[in-house]
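Student:
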Amino acid sequence: MSAIRNDVRLPAEPAELLHTFVGAFNDRNLELLQELFEPEGMHVREPGVTTQGAQRRAALPTVLRHRVPIAVSLRNVYVVGDIALVINDYVHDGVGPDGVHVHIEGTATDVARRGADGCWRYVISNPSGTS
1 MSAIRNDVRL PAEPAELLHT FVGAFNDRNL ELLQELFEPE GMHVREPGVT
51 TQGAQRRAAL PTVLRHRVPI AVSLRNVYVV GDIALVINDY VHDGVGPDGV
101 HVHIEGTATD VARRGADGCW RYVISNPSGT S
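Take the sequence shown: its position 77, counting from 1, is numbered 77 in UniProt numbering, and each next residue is one higher.
Shown next as structure tokens:
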């Protein structure tokens with residue numbers, strides 16, 4: 001497990017949350033990925049299947065199972081007070097650890113909240129958001 005790098009700070013704007021996530025995901029930095037979620041934050045593994053809190057933290061390594069980097073394109077960010085809806089397109093494309101080509105793409109809808117420290121974290125991460 002990687003440590004949080006001193007040069008990475010938690011995002012002060014909701015759009016930065018996405019870019020910080022991409023860096024942590026591609027570096028396989030599980031600790032930073034955890035820090036990007038609220039303690040009881042939810043990850044939607046697939047429509048109807050969610051993990052939350054300790055269960056989400058335990059399942060996070062499976063999110064990285066393909067070991068194929070992610071690229072994202074921000075579509076929209078809608079902010080009301082301390083809540084944000086972040087919509088983005090993502091693509092995983094490359095060769096997995098088993099030598100098989102992996103191509104996964106979609107449009108995610110994520111909900112983030114600004115904490116008392118001014119940093120934004122995921123409340124709900126929904127990679128299959130428009131499915």
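Backbone N, C-alpha and C define an ideal beta-carbon position, used for all residues, glycine too.
According to the neighbour-count rule (16 or more other Cβ atoms, all chains shown, within 10 Å of its Cβ), is Val49 buried or exposed?
Tutor: Exposed, because fewer than 16 other Cβ atoms sit within 10 Å of the Cβ of Val49.
Student: To which residues does DSSP link Arg121 through a beta bridge?
Tutor: In the DSSP output, where bridge partners are listed per residue, Arg121 has Arg113.
Student: Can you tell me whether Asp98 is buried or exposed? The criterion is at least 16 other CB atoms within 10 Å of its CB, across all chains shown.
Tutor: Exposed, since its Cβ has fewer than 16 Cβ neighbours within 10 Å.
Student: Compute the Euclidean distance between the alpha carbons of Asn88 and Met42, then round it to the nearest angstrom.
Tutor: In a straight line, the C-alpha of Asn88 is about 17 Å away from that of Met42.
Student: Do the CB positions of Pro61 and Leu18 come within less than 8 Å of each other?
Tutor: Their beta carbons are not under 8 Å apart, which means Pro61 does not touch Leu18 by this criterion.
Student: Run through DSSP, which three-state label would His19 get?
Tutor: In the structure shown, His19 sits in a helix (DSSP, three-state: H, G or I).
Student: Distance, Cα to Cα, Ala108 vs Asp93?
Tutor: Approximately 16 Å between the Cα atoms of the pair.
Student: Quick one: what does DSSP say Pro14 is sitting in, helix, strand or coil?
Tutor: In this structure, Pro14 counts as helix in the three-state DSSP scheme.
Student: With the cut-off set at 8 Å, would you say Pro127 and Gly106 are in Cβ contact?
Tutor: For Pro127 and Gly106, yes; Cβs fall inside 8 Å.
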